[in-house]
Every structure is written in C-alpha cells, then in structure tokens.
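Numbering (my numbering), first residue to last: 3 to 227. Don't be surprised by glycine CBs; every beta carbon is placed ideally from N, CA and C.
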C-alpha cells in the first residue's frame with residue numbers, strides 16, 4: 003500500500019486535461035475519488051490477469067466464439083470461479099444484453115494497460131492494433147497459464163493508476179454531458195468506451211481510508227456517481 007497523491011492537485015490536473023480536450027467541466031461539488039491521507043494499491047496481478055482473460059472470452063463470444071469452446075477454455079484455464087453470474091449466463095446461454103458485453107472490449111483494454119500490456123489509455127484513441135495480440139490466443143487454444151507465461155506483465159504503479167482513474171472519473175461525466183448537449187466528443191472514443199475504461203480502473207485501484215468500504219466485486223462497481 004502506497005500513500006495516495008494529493009487528490010486536489012490530481013483533480014486540478016484532470017480538469018486541465020478536460021479543458022485541453024474542449025470538454026465541459028463538472029461542477030465544483032463533483033466528489034473526489036479519494037481523500038488526503040488515503041492509501042492506494044492495485045489488486046493482485048493474478049486477479050487483474052484473470053479478470054482481463056474472462057472479459058476477453060466474453061467479448062470473444064460476442065464475435066462468434068462458440069459457447070462450448072468458451073466454456074471449455076474457462077474450465078481448462080481454471081477461471082470459472084472468476085466469471086460473474088451475468089457473464090456465465092451470456093457465455094453459456096447467450097442470455098443478456100449482447101451490446102453491453104461487446105463494450106467490454108474497452109474494459110479489457112484498460113486492464114491490459116494496468117498490466118503493462120498496452121502503451122496508452124488515451125481517451126481520444128481506440129485500443130491499439132497490437133492490443134489483441136497481447137491477449138490470450140483463443141482461436142489457437144492458448145490457455146490462461148500459457149498466456150501468463152508469454153505475456154510477461156509489468157503492472158503499473160498504483161499512484162499512476164489512481165491519477166488516471168481520477169481523469170476517467172471526470173471524463174465519464176464530461177463525455178456524457180457533451181453527448182447530452184449534442185457536442186461531439188474529441189477523438190474516436192465515445193462515452194460508452196470511457197465508461198468501460200473507468201469501470202476497469204474503479205475495480206482495479208483500491209483505496210484504504212476512513213471513507214472507503216470493502217473493495218467492490220466487478221458487478222458491484224458503481225458508475226452512477
């Protein structure tokens with residue numbers, strides 16, 4: 003656990019970035035993500051890898067991966083316990099909102115950034131072309147542990163991740179506000195992609211302090227605030 007950076011200085015930098023991008027700024031009452039004196043750390047690397055791999059399979063199902071192949075891969079990779087009930091219903095039975103699961107591609111991209119497998123998490127740019135090559139080769143049958151051996155992850159520093167989380171917290175509000183007002187956001191990314199990246203960061207970056215509850219499970223991450 004590290005000391006989290008000054009949240010107000012981080013917020014000022016986030017707002018400067020929103021201004022640079024020509025996005026609306028949240029109101030002065032917009033809450034901070036953490037408080038002065040809090041600690042910060044990332045979830046264990048194995049958890050980040052497992053979540054990224056599970057979501058990669060979910061996205062694979064959206065693009066034609068057969069249910070039997072997906073379930074066999076999860077079983078052989080010993081990842082079934084990391085699959086949430088909504089994800090399992092979709093993977094096994096095609097139940098749920100297909101469009102919402104497709105959007106998880108950007109959540110995987112954010113997790114890949116946290117693991118050091120992506121060079122950037124630029125809010126104006128889509129996932130890198132090389133990004134999919136950094137993930138398990140599902141068509142080739144590469145199992146989870148084989149991928150872990152190949153990928154050689156280098157997790158980001160928790161403070162760096164916290165700074166980016168604050169930016170994406172502000173970006174999530176700003177992109178939605180811009181779209182509500184009929185203003186085209188900058189770059190090639192929309193509010194759905196920004197929200198997915200924020201979801202991954204909110205889940206992965208853990209804070210300790212008097213105002214923080216236990217870390218949320220994946221489906222418990224609250225993106226409404």
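Item: Ends of the alpha helix (DSSP H) at residue 120?; Value: Counting along the chain, residue 120 falls outside any alpha helix (DSSP H), and DSSP gives it neither H nor E.
Item: State the DSSP-derived secondary structure class of residue 84, mapped to helix, strand or coil.; Value: helix
Item: Report the partner residues of residue 210 according to the DSSP bridge assignment.; Value: 41
Item: Assuming residue 146 contacts residue 81 under a Cβ cut-off of 8 Å, what Cβ separation, rounded to an integer in Å, is found between them?; Value: 6 Å
Item: Can you have a look at residue 227 and say buried or exposed, based on whether 16 or more other CB atoms are within 10 angstroms of its CB?; Value: exposed
Item: Between which residues of its own chain and residue 10 is the CB-CB distance below 6 Å, once the five residues before and five after are set aside?; Value: none
Item: Can you grab the Cα-Cα spacing for the pair residue 50 / residue 29, in whole Å?; Value: 33 Å
Item: Going by the beta-carbon positions, is the gap between residue 57 and residue 112 smaller than 8 Å?; Value: no
Item: Does chain C have any CB closer than 8 Å to the CB of residue 221?; Value: Of the protein chains in the structure, only one exists, and it is not chain C.
Item: I need the straight-line Cα distance from residue 20 to residue 71, nearest angstrom please.; Value: 43 Å
Item: For the alpha helix (DSSP H) containing residue 173, name the first residue and the last one.; Value: 160-182
Item: What is the DSSP secondary structure of residue 6, counted as helix, strand or coil?; Value: coil
Item: Taking residue 143 as part of the alpha helix (DSSP H), name the residues at either end of that continuous run.; Value: Note, residue 143: premise wrong, no alpha helix (DSSP H); not H, not E.
Item: By alpha-carbon positions, which one of 159, 184, 158, 139 ends up nearest to residue 150?; Value: 139
Item: Does the pairing of the region 167-186 with the region 92-104 give three or more beta-carbon distances under 8 Å?; Value: no
Item: Would you call residue 3 buried or exposed, if buried means 16 or more other Cβ atoms sit within 10 Å of its Cβ?; Value: exposed
Item: Could you give the distance in angstroms between the alpha-carbon of residue 136 and the alpha-carbon of residue 103?; Value: 20 Å
Item: Here's the rule: buried if 16 or more other CB atoms are within 10 angstroms of the residue's CB, otherwise exposed. What is residue 44?; Value: buried
Item: In whole angstroms, give me the CA-to-CA distance for residue 69 and residue 144.; Value: 17 Å
Item: Please identify the residue among 183, 75, 128 whose C-alpha is closest to the C-alpha of residue 148.; Value: 75
Item: Let me know the secondary structure DSSP gives residue 92 once reduced to three states.; Value: helix
Item: Would you be able to state if there are at least three C-beta pairs under 8 Å between the region 169-182 and the region 191-208?; Value: yes
Item: Are the beta-carbon atoms of residue 86 and residue 220 separated by less than 8 Å?; Value: yes
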